[in-house]
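Participant: Take a look at this one; I'll ask things after.
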Amino acid sequence: MEQKQKLVEVKNLKQYFKVGKGQVVKAVDDVTFDIYKGETLGLVGESGCGKSTTGRTIIGLYQATAGEVLFNGVNVHAKKSAKETKELKRKMQMIFQDPYASLNPRMTVADIIAEGIDIHGLAKTKEERMNRVYELLETVGLNREHANRYPHEFSGGQRQRIGIARALAVEPEFIIADEPISALDVSIQAQVVNLMKKLQREKGLTYLFIAHDLSMVKYISDRIGVMYFGKLVELADAEELYRNPIHPYTKSLLSAIPHPDPETERTRRRIIYDPSQHNYKDGEELRMREITPGHFVYCSEAEYEKYKAMYG
Amino acid sequence: MEKLLEVKNLEVSFQTYGGEVHAVRGVSFHVNKGETLAIVGESGSGKSVTSQAIMRLIPTPPGKIKNGQILFNGEDLVQKTDKEMEEIRGRDIGMIFQDPMTSLNPTMKVGRQIMEVLIKHQKMSHAAAKERAIELLRLVGISMPEKRVNQYPHEFSGGMRQRAMIAIALASNPKLLIADEPTTALDVTIQAQILELMKDLQKKLGTSIIFITHDLGVVANMADRVAVMYAGKIVEMGTVDEIFYDPRHPYTWGLLASMPSLDSDDKKELAAIPGSPPDLTNPPKGDAFAPRNPYAMRIDFEQEPPMFKISDTHYAATWLLHPDAPKVEPPEAVKKRLRKLSSNYEKPILVKESE
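Right, here's the structure in full:
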């Protein structure tokens, strides 16, 4: 691809949590990646691998322990004036996993969607505000009659659409979607994914799509990062990652997905990942290394040579 | 093959302020000894209610089994008293729920929860029950079971809790195991382990399994036969190959087409099923799927489709199988799957009500 512009740069990001007794959980441990303008980066991994924490730290819900996140060159975690902070928050939005917990049950849909509009003063008159709400509802496939209702009157898929409308209300450039479809039914998942893709095409949005359903991630993402215990272990184009996984953990993860095809299922063999198989020696430098163009793997120098010979 | 469970024309409804919700509207199926039947469908399709009805766990009121029979080893469970049901639940039918954290008792040691069943229903001594509990934990692949029996559920990880649930369900050597979305809350790698475990145990113990899920990948992995439910009815039923390689109902087509395939590089729009499931307080006239069905004909809105038999094992309720129906092409993603199955009849046969 020609000249891709970096929208988000994550550099050596660390997010540790103190859990008492002097113990520390390294939820995100030295993760580095870029997100390009207009692309969808998928982030996959098992629960507890730090993928959600990564998303939440990027948007500034947590103060990073170390490392930095640059959004359009601006450090998200650095001290800023109130005005700068506000502007940054407008450009980055989030869609949450649980459409039941993320909408205030005591607010009408119109107020939920317009909250951002009000805070950022994006509508001058009441009428303009409502028109904007109607427009957003229609964008996400709901209709204007829904504006005065409350969240409990909607189904899961509809609520997720409201969540999307709320994120879009402030005209963001970048949306972090944390498991946006996990709580939805299969037939509704496809609807929401189609909607997200359509909005991306129309508005040139950039997504960080966090999920554990690998088939959906592959479908929606341009590139995919695989996380394991706080580390990014592999990063590559979506197709490439599925066709030529290199890191043994990625291989194991891919081999565990059941395919909707009885014949493949009868012959599928699961690969089991054992972290001790690497046999890393003390003092070996482990980092992301590029094996083939655009395909990065977390490995040692010795492994790099091996992978390079096998796949390069 | 011998039938272990036979459900005949089951109807379950719930009284709510909004009116009577007809959650299950005339469901019939059977489970053979040693086989796995998968029930698939969206939330609200009645799949969980069906399984709860078999266990007689429908809260009454507001729920009620309005009609039908549930024959387990030839005996009708609908007619059993609560006392008799307790005996059956403790001995013959085990159940695994979706969320292991809410179905395990947080104030009781895991071992104790397994032993409870053994002491009550198998009249084991405390010591013998404890030994069996350790054995069961080992069977479901929990390491250091001697230590684990004395731990509480919060000391277990999600996958381990689900294993403990399976151990409880298996404690009584049940003939039938009902698993309601047992792996939905788990990661893929843990899910793979649990599924392997269940298959392994089935082989060893000869248990029949009813597996409720909405994940078609898991269905392809686990099931011998599949029943597809929509709006409280079974719309298609057949062997796993028949459902995946020769589906006939437009809803089954929709489910299969709405999933992205891992093998293709296709970035075309997913074939989503438009709209959402119907409100079962007033089940629609005709075919409940008609409003979301791009293949719906006029008759679908007026009259409910009857069951058609495509082979000895394959049934589907759609007017498209009627001899007078126009020939339609299934969606592209489904067409790629289609195979000619030799067991099919020359033409679908209309199933008479009495059968």
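First to last, the protein sequences are chains A and B. The first sequence begins at 1 in the UniProt record's numbering and counts up one residue at a time. The second sequence begins at 1 in the UniProt record's numbering and counts up one residue at a time. Beta carbons are placed, not taken as given, at the ideal position from N, Cα and C, and that holds for glycine.
1. Does the beta-carbon of Val-40/B, which I'm using as the reference point, lie nearer than 7 angstroms to any heavy atom of the ligand NAD?
2. Is Pro-260/B close to chain A, meaning its C-beta is less than 8 angstroms from at least one C-beta of that chain?
3. According to the neighbour-count rule (16 or more other Cβ atoms, all chains shown, within 10 Å of its Cβ), is Pro-248/A buried or exposed?
4. Taking C-alpha atoms, which residue in Leu-43/A, Ala-114/A and Cys-49/A lies nearest to Glu-127/A?
5. With C-beta atoms as the reference, is Ser-172/B less than 8 angstroms away from Gly-74/B?
6. Would you mind working out which of Tyr-62/A, Gln-97/A and Arg-159/A sits nearest Ala-177/A, comparing C-alpha positions?
7. Below 7 angstroms on C-beta distance, what does Asn-221/B contact in chain A?
8. Taking only beta-carbon atoms, is Thr-207/B less than 8 angstroms away from chain A?
9. Can you give me the Cβ contacts of Lys-233/B inside the same chain, cut-off strictly under 6 angstroms, excluding the 5 residues immediately before and after it?
10. If I measure Cβ to Cβ from Leu-103/A and keep anything under 7 angstroms in the same chain, skipping five residues before and after, which residues do I get?
11. Looking at the C-beta of Val-288/B, does it have a partner C-beta in chain A at a distance below 8 angstroms?
12. Could you work out which residue in Gly-20/A, Thr-85/A, Met-94/A and Phe-71/A is closest to Thr-53/A when comparing CA atoms only?
13. One question on the structure: do Val-334/B and Leu-216/B come within less than 8 angstroms of each other, judged by their Cβ atoms?
14. How big is the Cα-Cα spacing for Gln-189/A and Ile-246/A?
15. Which of helix, strand or coil does DSSP assign to Glu-355/B?
16. Can you round the beta-carbon distance between Leu-341/B and Glu-236/B to whole angstroms, since I take them to be within the 8 angstroms contact cut?
17. What residue from Arg-337/B, Glu-346/B and Ala-272/B has the CA that sits closest to Pro-323/B's CA?
18. Just to confirm before moving on: does the CB-CB distance between Val-351/B and Phe-308/B stay below 8 angstroms?
19. As a quick exercise: from Thr-107/B, Ala-164/B, Ala-133/B and Pro-106/B, pick the residue whose alpha carbon is nearest that of residue 409/B.
20. Just to make sure I have the definition right: I need the residues of chain B whose C-beta is within less than 7 angstroms of the C-beta of Pro-99/A. Which are they?
21. Please report how far the alpha carbon of Val-28/A lies from the alpha carbon of Leu-41/A, in whole angstroms.
22. Mind checking Leu-58/A: buried by the 16 CB within 10 Å criterion, or exposed?
23. Using a Cβ-Cβ distance cut-off of 8 angstroms, determine whether Val-228/B contacts chain A.
24. What are the complete beta strand (DSSP E) segments, minimum 3 residues, inside the segment 179 to 256 of chain B?
25. To the nearest angstrom, report how far apart Thr-139/A and Asn-131/A are at their CA atoms.
26. Count the other CB atoms within 10 Å of the CB of Met-227/A; is the residue buried (16 or more) or exposed (fewer)?
27. Would you say Thr-318/B faces chain A, with C-beta separation under 8 angstroms as the test?
28. Please state the DSSP three-state secondary structure of Met-1/A.
29. Would the beta-carbon of Leu-176/B fall within 8 angstroms of that of Val-40/B?
30. If you drop the 5 nearest sequence neighbours on each side, which residues of the same chain put their C-beta closer than 8 angstroms to that of Asn-105/B?
31. With 8 angstroms as the limit, tell me which residues of the segment 168 to 193 of chain A have their beta carbon closer than that to any beta carbon of chain B; keep them in chain order.
32. Rounded to the nearest angstrom, how far is the Cβ of Tyr-295/B from that of Gly-238/B, given a contact under 8 angstroms?
33. So the candidates are Val-133/A, Arg-56/A, Gly-121/A and Leu-254/A; which of them puts its Cα closest to the Cα of Ile-224/A?
34. Please state whether the Cβ-Cβ distance between residue 357/B and Val-218/B is less than 8 angstroms.
35. Excluding the 5 residues preceding and the 5 following Leu-142/A in the sequence, name in chain order all residues of the same chain whose CB lies nearer than 6 angstroms to its CB.
36. Among residues of its own chain, excluding the 5 on either side of Pro-348/B, which ones have a beta-carbon nearer than 7 angstroms to its beta-carbon?
Facilitator: If we stick to the structure as given:
1. Among the components of this structure there are no ligands whatsoever, and the ligand NAD is therefore not found.
2. As a position in the second sequence, residue 260/B is number 260, starting the count at 1. Residue-level contact by beta carbon holds for Pro-260/B and chain A, with a gap shorter than 8 angstroms.
3. The residue labelled residue 248/A in the question sits at position 248 within the first sequence. Per the 10 Å Cβ criterion, buried.
4. Position 127 of the first sequence, counting from 1, holds the residue named residue 127/A. The shortest Cα separation from Glu-127/A among Leu-43/A, Ala-114/A and Cys-49/A belongs to Ala-114/A.
5. For the purposes of this step, residue 172/B is taken as residue 172 along the second sequence, with counting starting at 1. For the purposes of this step, residue 74/B is taken as residue 74 along the second sequence, with counting starting at 1. Against a cut-off of 8 angstroms, the Cβ pair of Gly-74/B and Ser-172/B comes out as no contact.
6. Residue 177/A sits at position 177 when you count from the first residue of the first sequence. Of the candidates Tyr-62/A, Gln-97/A and Arg-159/A, the one whose C-alpha sits nearest the C-alpha of Ala-177/A is Gln-97/A.
7. In the second sequence, counting from the first residue as 1, residue 221/B sits at position 221. Those within 7 angstroms of Asn-221/B in chain A are Pro-258 and Glu-265.
8. The residue labelled residue 207/B in the question sits at position 207 within the second sequence. No, its Cβ sits nowhere closer than 8 angstroms to a Cβ of chain A.
9. Here residue 233/B is taken as the residue at index 233 of the second sequence, counted from 1. Closer than 6 angstroms at the Cβ level, and outside the excluded window around Lys-233/B, lie Arg-25.
10. Working through the first sequence from its first residue, we reach residue 103/A at position 103. Excluding residues within five positions, the ones whose Cβ falls inside 7 angstroms are Ile-112, Pro-151, Arg-159, Ile-162 and Gly-163.
11. Walking along the second sequence from the start, residue 288/B turns up at place 288. For clarity, residue 288/B is Ala in the given sequence; the question names Val instead. Ala-288/B is outside the set of residues whose beta carbon lies under 8 angstroms from a beta carbon in chain A.
12. To locate residue 53/A, count along the first sequence from 1; it is residue 53. Comparing Cα positions, the closest option is Met-94/A.
13. The count along the second sequence starts at 1 and reaches residue 334/B at position 334. The count along the second sequence starts at 1 and reaches residue 216/B at position 216. Going by beta carbons, Val-334/B and Leu-216/B fall outside the 8 angstroms limit.
14. Translated into positions along the first sequence, residue 189/A becomes position 189. Translated into positions along the first sequence, residue 246/A becomes position 246. Gln-189/A and Ile-246/A have their C-alpha atoms roughly 29 angstroms apart.
15. As a first step, residue 355/B is located in the second sequence; it is residue number 355 there, counting from the start. Any reading at Glu-355/B is ruled out, since the residue's pLDDT is 46, under 50, leaving its predicted position unreliable.
16. Walking along the second sequence from the start, residue 341/B turns up at place 341. Walking along the second sequence from the start, residue 236/B turns up at place 236. Leu-341/B to Glu-236/B, Cβ: 14 angstroms. No contact.
17. Indexing the second sequence from 1 puts residue 323/B at position 323. Closest by alpha carbon: Glu-346/B.
18. In the second sequence, counting from the first residue as 1, residue 351/B sits at position 351. In the second sequence, counting from the first residue as 1, residue 308/B sits at position 308. Closer than 8 angstroms, so yes.
19. Shown here, chain B extends from 1 to 355; a query on residue 409/B therefore has no answer.
20. Counting from 1 along the first sequence, the entry for residue 99/A is found at position 99. Under the 7 angstroms cutoff, chain B gives no residues; its nearest Cβ is about 13 angstroms from Pro-99/A.
21. Counting from 1 along the first sequence, the entry for residue 28/A is found at position 28. Counting from 1 along the first sequence, the entry for residue 41/A is found at position 41. Val-28/A and Leu-41/A have their C-alpha atoms some 17 angstroms from each other.
22. Residue 58/A sits at position 58 when you count from the first residue of the first sequence. It is worth fixing the name first, because residue 58/A is Ile in this sequence and not Leu. Taking all protein chains shown into account, Ile-58/A has 16 or more neighbouring C-beta atoms within 10 Å of its C-beta and is therefore buried.
23. Within the second sequence, residue 228/B is the residue found at index 228, counting from 1. No, Val-228/B lies away from the interface with chain A (no Cβ there is under 8 angstroms from its Cβ).
24. Taking only runs of at least 3 residues, the beta strand (DSSP E) segments lying wholly in the segment 179 to 256 of chain B are 208 to 213, 225 to 230 and 233 to 239.
25. Position 139 of the first sequence, counting from 1, holds the residue named residue 139/A. Position 131 of the first sequence, counting from 1, holds the residue named residue 131/A. A direct Cα-Cα distance of roughly 12 angstroms separates Thr-139/A from Asn-131/A.
26. As a first step, residue 227/A must be located in the first sequence, where it is residue number 227. The residue in question, Met-227/A, is buried, as its Cβ has 16 or more Cβ neighbours within 10 Å.
27. Here residue 318/B is taken as the residue at index 318 of the second sequence, counted from 1. Output row for Thr-318/B: interface = no.
28. Here residue 1/A corresponds to residue number 1 of the first sequence, with the count starting at 1. Because the pLDDT at Met-1/A is just 48, under 50, the model does not fix this residue reliably, and the point stays unresolved.
29. Along the second sequence, read from residue 1 onward, the residue named residue 176/B stands at position 176. Along the second sequence, read from residue 1 onward, the residue named residue 40/B stands at position 40. Judged by beta-carbon spacing, Val-40/B lies beyond the 8 angstroms limit of Leu-176/B, meaning their Cβ atoms are not closer than that value.
30. Counting from 1 along the second sequence, the entry for residue 105/B is found at position 105. The residues are Gln-113 and Pro-153.
31. Asp-185, Val-186, Ser-187, Ile-188, Gln-189, Ala-190, Gln-191 and Val-193: these are the residues of the segment 168 to 193 of chain A whose beta carbon lies less than 8 angstroms from some beta carbon of chain B, given in chain order.
32. If you number the second sequence from 1, residue 295/B lands on position 295. If you number the second sequence from 1, residue 238/B lands on position 238. Between Tyr-295/B and Gly-238/B, the beta carbon gap of about 19 angstroms keeps them out of contact (Cβ cut-off 8 angstroms).
33. Taking the first residue of the first sequence as position 1, residue 224/A is located at position 224. In terms of Cα proximity to Ile-224/A, the closest of Val-133/A, Arg-56/A, Gly-121/A and Leu-254/A is Leu-254/A.
34. Residue 357/B lies beyond the residue range present for chain B, which begins at 1 and ends at 355; the question has no answer from this structure.
35. The residue labelled residue 142/A in the question sits at position 142 within the first sequence. So the qualifying residues of the chain are Arg-161.
36. Residue numbering aside, residue 348/B sits at position 348 when the second sequence is read from its first letter. Leaving aside the five residues that flank Pro-348/B on each side, the residues in its chain whose CB is nearer than 7 angstroms to its CB run, in chain order, Phe-308, Lys-309, Ile-310 and Leu-321.
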